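K.L.:
One structure coming up, written as structure tokens, with questions to follow.
In our numbering, the protein residues as written are 6 to 151.
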């Protein structure tokens with residue numbers, strides 16, 4: 006009985022995975038000929054580390070440390086990736102160790118804030134993503150305890 010339950014769970018995961026992959030392919034099929042342009046728009050490394058009006062880590066610290074002058078774009082992208090993963094990882098590990106609704110919302114919020122603060126070339130509208138997850142935290146705080 007136990008092995009059939011595990012096989013059923015894996016079957017469900019495989020179904021979901023196939024559905025996600027097929028949906029991705031259907032959505033991206035019209036853009037295959039322009040995939041290079043799409044990737045350049047999604048990962049704008051040529052634009053630089055940050056825009057001057059975005060209040061993330063790179064913009065704030067650049068007042069004191071001129072990262073753009075000290076490091077190449079390639080090194081800055083690696084630094085950005087490292088710091089983003091470093092800030093997101095603790096809450097993700099907590100989520101995997103204690104998968105509750107509360108830890109999920111906290112991990113989601115922490116991930117969104119980590120990406121906003123440390124990602125390479127963050128647009129100012131990106132703050133809307135963590136704000137959306139923070140609204141879930143406010144909703145949770147307003148619910149009465151059972």
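The beta-carbon is built from N, C-alpha and C at its ideal position, and this holds for glycine as well. Predicted, not measured: the structure shown is a model, and the values here were computed from it.
I'd like the ranges of any alpha helix (DSSP H) spanning at least 4 consecutive residues and lying wholly in the stretch 85-132.
P.N.:
As far as the stretch 85-132 is concerned, its whole alpha helix (DSSP H) runs of at least 4 residues are 106-123.
K.L.:
Sort 132, 109 and 110 by Cα distance to residue 120 and report the nearest one.
P.N.:
It is 132 whose Cα lies nearest to the Cα of residue 120.
K.L.:
Measure the CB-CB distance between residue 122 and residue 76 and report whether it falls below 8 Å.
P.N.:
The answer is no: Cβ separation not under 8 Å.
K.L.:
Taking CB distances under 8 Å as the criterion, tell me whether residue 121 reaches chain C.
P.N.:
The chain inventory of the structure shown lacks chain C, comprising one protein chain alone.
K.L.:
Considering only the alpha carbon of each residue, which of 125, 28 and 98 lies closest to residue 46?
P.N.:
Here the closest residue by C-alpha is 125.
K.L.:
Let me confirm a value: residue 115 is counted as buried when at least 16 other C-beta atoms fall within 10 Å, else exposed. Which label applies?
P.N.:
Buried, because 16 or more other Cβ atoms sit within 10 Å of the Cβ of residue 115.
K.L.:
Indicate whether residue 89 and residue 110 have their beta-carbon atoms separated by less than 8 Å.
P.N.:
Result no, Cβ atoms of residue 89 and residue 110 do not sit closer than 8 Å.
K.L.:
Taking the straight line between their C-alpha atoms, what separation do you get for residue 14 and residue 105?
P.N.:
When rounded, the distance between both Cα atoms is 19 Å.
K.L.:
Which first and last residues belong to the alpha helix (DSSP H) in which residue 72 is found?
P.N.:
Taken as a continuous stretch (DSSP letters only), the alpha helix (DSSP H) holding residue 72 covers 72-75.
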